[in-house]
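Numbering (the numbering used here), first residue to last: 5 to 692.
Each residue gets a CB set at the ideal place from its N, CA and C atoms; glycine is no exception.
From a predicted model like this one, the values you see are computed outputs, not experimental measurements.
Beneath this line is the structure, given in structure tokens, with notes to follow.
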């Protein structure tokens, strides 16, 4: 019977086993903290009836997984984590409806080489998914796959300990080569008392036969650790398929296991990475631990090594990060236990094991891009001539190229989205360091040429494709394209600064343009056209950001690098751009806008209106009314009109402009905000 409001909660059933009692108590506490004092409210939130909820929380028997998940979901907690706790508790319960246990008095057969890690952090979702998968009808063979150092073996060890009570036999098999795996299974055969003296191979076969029969050991788990080649190793996957209670868990970098279900393991969430560093390194502030975790890409093995080394040496977080920035590869070898392969070596070993020069060269090439996703479409037969050998010849056939990319993905050396691939930042650093010094200039040049080719592959458009801008920007910065002598490189940098500004990303536009201006002033000289164009981009962004004094000074300087040295608004410079590019080029439009803006800043409003009207006319014709640069020019024109007191002209212009900017750019775009501010300040719009 459902209790009435105000009565104390009904006691947990006396017949509940200790694991069930403990779990129900935790579940009740969860609902209490979530504010569900009445079962009727909890029933409404969970989607189950009040009698079902009461029965589940009474504890006479185990509630179903579905009811538990519904209760947890109603309380706003992590369903997967609670599902893992549910099955862990249920598997240790003597009343659980699982497969029969071994006869009383016999000991569990157990061989896991490492003790349980008391500092194991997180991975509740992965553990719950793994447990649910192994218990499924077709999931008795599971593969934990992912990049070396991501923590696959640690996860397998934790699973073995957490769910040990669910098995009669748990056996760890090092599977990196046939000799070690055969030896481990021969030892198991000896434990089973079926070994053939002096014949490890036959002994291993006998052990697998016993497991596949499922009679002596109805519930067993074999962990194949660090398996390099997908396949039915020693027939164990087939044995698990035959034995109702047999489970095989594989850890591997490879993703292509036809007889098993793969479960990708990725980097830790930042919160868990910080907790791991705290556990290993001791006294670190959250901010310092977060910076280190970010620098290490939240990779568990790297975090473990870093935390150990920091704890052992007493180095400050700042000094550690400084050393890491100067020599990643060296730091990735420090802090590893004597019996453990350092994290940096796991990737080079994987590449060496593949014994594929084309794979190694393509990985090295990708390493010279940034850590952001790389569009796969950038690599195609049309760019084969830009690639170093042996890639140049191979890339002429797109099918062969895609197969090679697939092999790298299958080996977990990169992760892949629908149309992109991503390389972990530490893998990038190790591969860049491993690239022969004589080959590095060619790699950088190839990356720069590929970026320029990717840009030119897009049809010219007045309004940039923002996804294309977002794809290019991080790789332009990371690859050092600003310093490149590749044809078209500087033009791409200038276009990107212009496009970022059009997108309303003024901080990144300014960062890129200032970098280009500084580097090109030193390398090309202040009189070079590209240097002046970089200065104009910086100035235009400063105008857009409202830093008018700085923009005025830089715009004037940008126009003074002609032969006459005139530091007034340099119309000669504008004439030079028109002669070079034509009236309708974006450089000319930007330069004209700068001339107009300087006039506006200096209070020469008649001149400002004339120049802004010219910019606006070009903008309408070349860029279109919806382009942010057209809208920005119209905003300045309206501002000049207001400064002259010409409300009759300014009011309709700015009112229509605000409606257009809101429609095409959105309320949050900086250019929309600028128009809104003008209207509000002049009381054409209400404040707020």
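- Residues of the same chain with a CB within less than 7 Å of the CB of residue 116, apart from the 5 flanking positions on each side, are 161, 164, 174, 176 in chain order.
- Here residue 266 is bridged, per DSSP, to 147.
- For residue 22, the uninterrupted alpha helix (DSSP H) segment begins and ends at 22-37.
- Between the C-alpha atoms of residue 509 and residue 332 there is a straight-line separation of about 31 Å.
- In this structure, the beta-carbon distance from residue 434 to residue 370 does not fall below 8 Å.
- Fewer than three beta-carbon pairs drawn from the stretch 233-249 and the stretch 402-410 are found closer than 8 Å, and the two stretches are therefore not classed as touching.
- When secondary structure is reduced to three states using DSSP, residue 203 falls in the coil class, being assigned neither helix nor strand.
- Selection 582, 644, 588, 591 evaluated against residue 606 yields 644 as nearest (Cα-Cα).
- The continuous alpha helix (DSSP H) containing residue 137 extends over residues 128-139.
- Taking 3 residues as the minimum length, the stretch 454-499 contains no beta strand (DSSP E) run wholly inside it.
- Straight across, the Cα-Cα distance linking residue 200 with residue 251 is about 25 Å.
- Between the C-alpha atoms of residue 679 and residue 456 there is a straight-line separation of about 35 Å.
- Just so you know, the alpha carbons of residue 481 and residue 232 end up roughly 36 Å apart.
- Per DSSP, reduced to three states, the secondary structure at residue 552 is helical.
- DSSP places residue 320 outside both helix and strand once states are collapsed to three, so it counts as coil.
- Rounded to whole angstroms, residue 443 and residue 253 show a C-alpha spacing of 41 Å.
- In its chain, beyond the 5 residues on either side, 399, 453, 454, 457 have a beta carbon closer than 8 Å to the beta carbon of residue 387.
- Three or more beta-carbon pairs drawn from the stretch 542-560 and the stretch 498-505 are found closer than 8 Å, and the two stretches are therefore classed as touching.
- CA-CA distance, residue 526 to residue 153, rounds to 42 Å.
- With contacts defined as CB atoms closer than 8 Å, residue 655 and residue 666 fail to qualify as a contacting pair.
- Using a C-beta cut-off of 8 Å, the stretch 177-192 makes no contact with the stretch 277-294, since fewer than three inter-stretch Cβ pairs fall below that distance.
- Residue pairing of residue 372 in beta bridges, as defined by DSSP: absent, with no partner found.
- Straight through space, the alpha carbons of residue 379 and residue 685 are spaced by roughly 45 Å.
- Per the DSSP secondary-structure output, residue 226 pairs in a beta bridge with 175, 252.
- For residue 425, no alpha helix (DSSP H) encloses it; the enclosing beta strand (DSSP E) starts and ends at 424-426.
- Only residues of its own chain outside the window of five on either side were considered, and among them 365, 369, 443, 446, 447, 450 have a CB closer than 8 Å to the CB of residue 392, listed in chain order.
- Contact between the stretch 215-233 and the stretch 124-131 is absent, with fewer than three C-beta pairs closer than 8 Å.
- For the 8 Å CB-CB criterion, residue 147 and residue 264 form a contact.
- Leaving aside the five residues that flank residue 588 on each side, the residues in its chain whose CB is nearer than 8 Å to its CB run, in chain order, 622, 625, 626.
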